[in-house]
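Each position in the sequence shown, counted from 1, maps to that position plus 6 in my numbering. Glycine included, every Cβ here is placed at the ideal spot set by N, Cα and C.
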Amino acid sequence: VVAYAIRDPARNLVNSSNTSLLGVGLSSLEGTVKVAFTIDGLLLLNGIYEFDIGAHTTDGSAVYAHVEAAARFAVVGPSRDTGVAHLPVRGEVIR
7 VVAYAIRDPA RNLVNSSNTS LLGVGLSSLE GTVKVAFTID GLLLLNGIYE FDIGAHTTDG
67 SAVYAHVEAA ARFAVVGPSR DTGVAHLPVR GEVIR
């Protein structure tokens, strides 16, 4: 399973998913592959967010890799309004 987590500056979880939840099969792959996650929309307040990424077994008993704050991004805008967002996330193996 390859998983991601988006966290706010206090390290609170904002959004996450993984290849198993998204129905992306990884069991029959060999060699090096790329996995991509596409988030069509995510409503966030202004601030800096961190993107964690990791790979582990489906049950989480073995962790193959985990990188906290593998990437950071900032949201800058004129408003501090909150709301509810529909978050269709897709995962895919890129060959």
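Residues sharing a beta bridge with residue i, DSSP
i	result
Y55	F79
T44	R96
G60	A9 and H72
Which of helix, strand or coil DSSP assigns to residue i
i	result
E36	coil
S22	strand
Straight-line Cα distance separating residue j from residue i
i	j	result
V3	G83	Nothing about residue 3 can be reported from this structure: the residues present for the chain run from 7 to 101 only.
E36	G60	18 Å
Integer-rounded CB distance, given that residue j should sit under 8 Å from residue i
i	j	result
V7	S26	5 Å
F43	G97	5 Å
V95	I45	5 Å
H62	V69	5 Å
Residue burial classification, residue i (beta-carbon count within 10 angstroms, cutoff 16)
i	result
N52	exposed
N18	exposed
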